[in-house]
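Please read the structure below before turning to the comments.
Numbering (UniProt numbering), first residue to last: 1 to 184.
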């Protein structure tokens, strides 16, 4: 099973995202992250149940589909996707730097970022390092922690995997990684 067919991201995990403001310091009000995506990166249609998400472009240009509305945001522009709203985005021909604010904040989302950074810093690229490795266990963990509910073929692929024998190890691996990389 392959998930990278639906989702492409930067393989340099330390550039994907870092936490600028944490729920740990603002009583859960918001999570603010900064992400860098390479040209051509994309995320398939999905929604979040637990938070609104505001994208602010710091550098470059991004195309966002917010429900049926298509937006092209350039540096200095922003848009908010309300919880439960289906959205996806695509990066054009140049890298993009985004500031993303989640309201209310999400410790689980922050843990996903910390987990990705830890795996990258440890050099554990063979098993769980990047989407490009087509590692469905990793994708299931990141999707769950970031409250990303994928639709269409991407969602069906992930759901089918979770019902498989290999998919049954997701919670075990997730707990192991959270214990290793995150302050619980």
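Quick reminder that beta carbons are idealized off the backbone N, C-alpha and C, glycines included.
Shortest Cα-Cα distance from residue 23 to any of 97, 106, 172 and 61 involves 106. In this structure residue 33 is buried. Its beta-carbon is surrounded by 16 or more other beta-carbon atoms within 10 angstroms. Taking a cut-off of 8 Å for Cβ pairs, the stretch 88-104 and the stretch 36-48 touch, as three or more such pairs fall below it. Beta-bridge analysis with DSSP links residue 35 to 98. A Cβ-Cβ distance of about 6 Å is found for the pair residue 84 and residue 49, placing them in contact under the 8 Å criterion. In this structure, residue 108 sits near residue 144, with a CB-CB distance shorter than 9 Å. Residue 74 sits in a strand when the DSSP states are folded into three classes. Counting along the chain, the unbroken beta strand (DSSP E) around residue 57 starts and ends at 52-59.
According to the DSSP assignment, residue 20 belongs to the beta strand (DSSP E) that extends over 18-21.
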